[in-house]
Structure formats: structure tokens, C-alpha cells
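Student: Residue numbers (my numbering): 326 to 584.
As C-alpha cells, then:
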């Protein structure tokens, strides 16, 4: 069921979005060569515990696409991992491509966002191009999140950016409705037909999240943790996401990182 928020409810969602955006900004600044993934997870735990009314959306989350309840506070996907990465005892190395995906509820409302970046000095230009493609696709999708447009306009805009830059698109996972729960209706595919699908209305709040892999659109679930999704051919992936609200004046990014 697709729910529309009132202007007052969208205002009530802003603290969660700002909190998520600020933590990702902090993590981007302090994550580098030698940073341990479990330390990132612990930092998020401490930030959540220090905020009145804040709760993790991930701890004990058990959807049908995972194996058992998730036990961490953030998803961290490194190199060939692209989604749902489980933090583990690993020190980041020079040139690693890292994706951080974070969802937190504040006073009952959810904010969901993701960033990707390369740590260290050994930055492969192809990694940077892949990351920028997800960022460009996100911007294109947000630009189409206008009242009166269709959900397919967002999906088509994302897919067009990917295809123009030579990437293929996996449709198994994409964006989604956001509100009191992290994953709601509608599903927002990362490719589709313009002028098709649900008509966008003021009050719709969705997460738009392009994610692409370098040389494939096929993924598999890592059997070791039952969660992490990796590229089928071992190529690297990147993921960028914002929670946005559609208003009468156009889209508003709720998880902006003031960058």
C-alpha cells in the first residue's frame, strides 16, 4: 500500500534524514586505509545510542531476502560486494571501494541513504567513474520526482544514465517507499519506461538508490554470511542513495549531507 505524507509528516521526517546524512558525512571523512569495518559499525551504534528517539532499522531486521536477522547497525559493502554487506573484521586497504548504507528511525520516522567512495591514494579511474555514474543517475532520478510525473520517469532516467555510460542494470533490488518502516511501497526500479507506472503525488516519500557493477548485472548472495550481495564476475560495485519527499514544489532531499 502506498502512503502519502502530509506536509507536517514530511517535516517530522527531516530529523531522521538529517541524522543519517550527518553520520554518513562523518564516516566519509574518517574512513581510510586501516579503518576496520567493525569500528565503523560500532561508531554508528554509539551515535544511535547517543540520540534520543533514535533506533537502528537494521538490527534484528529479517526480510525474506536475507538469511536470519541482521546483527549490525550499518551495511558496509567492499569492492565486489555491492548491497547488504555485513561488517566483519577487515582493515580497509589502499584502493578499496567502499559503500556505506545506513537507515535509522528517529521518533518513529525513517531516513535511508548510501554513499560510495575509494579509500587511500590508489584510486582506480574506473572505480571513480562507476561511483560518479551512480551519483549522476541518482541526480537524474531525483530531477524526475515531480508531481504529475510517473514512477517510470524516475526509473527510466536512472537507467538511461547507466546505459549511456556502458553499464547494465540489475532489477532485483532498487528504491522503495519510506515512512514509519524502512522498506515500503512503491518499488522504485533502476530502469524502466518513461510515462508509465504510478502517478507521482505530493506526499510520496521514497528512497532512490542506483547501484551498478562494472562489468555485469548478475549478483549472488555470499553463503558465508547469508546477506552480502556480490557481483557474479568479481567486478566492483557502487551504490548511492537518498530519501526524498515529493512536494508541490518538487523533490526535497531529506538525507542531504551538506556537500
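For every residue, glycine included, the Cβ atom is placed at its ideal position computed from N, Cα and C.
Need the endpoints of the alpha helix (DSSP H) that residue 471 sits in, please.
Tutor: It is not in any alpha helix (DSSP H) - residue 471 carries neither H nor E in the DSSP assignment.
Student: Identify whether residue 390 lies in helix, strand or coil by the three-state DSSP scheme.
Tutor: coil
Student: Give me, in chain order, the residues of the same chain whose beta-carbon lies closer than 6 angstroms to that of residue 345; leave out the 5 immediate sequence neighbours on both sides.
Tutor: 427, 429, 436, 438 and 580
Student: Can you check whether the C-beta of residue 433 is within less than 8 angstroms of a C-beta belonging to chain C?
Tutor: Here chain C cannot be found, since the structure has a single protein chain.
Student: Taking residue 405 and residue 559 to be in contact with their CB atoms under 8 angstroms, please state how far apart those CB atoms are, rounded to whole angstroms.
Tutor: Contact between residue 405 and residue 559 holds: CB atoms are separated by about 5 angstroms, below the 8 angstroms threshold.
Student: Grab me the residues of residue 380's own chain with a C-beta within less than 6 angstroms of its C-beta, minus the 5 sequence neighbours each way, in chain order.
Tutor: 430
Student: Examine the Cβ distances between the stretch 460 to 477 and the stretch 531 to 540 and report whether three or more of them are shorter than 8 angstroms.
Tutor: yes
Student: By a C-beta neighbour count over all protein chains shown, 10 Å radius and 16 as the cutoff for buried, is residue 375 buried or exposed?
Tutor: exposed
Student: Give me the Cα-Cα distance between residue 422 and residue 577, rounded to the nearest whole angstrom.
Tutor: A direct Cα-to-Cα measurement between residue 422 and residue 577 gives close to 28 angstroms.
Student: Using the Cα positions of residue 412 and residue 397, report the straight-line distance between them to the nearest angstrom.
Tutor: 7 angstroms
Student: Does the Cβ-Cβ distance between residue 453 and residue 443 come in under 8 angstroms?
Tutor: yes
Student: Taking the alpha carbon of residue 394 as the point to measure from, which residue in 384, 401, 526 and 472 has its own alpha carbon closest?
Tutor: 384
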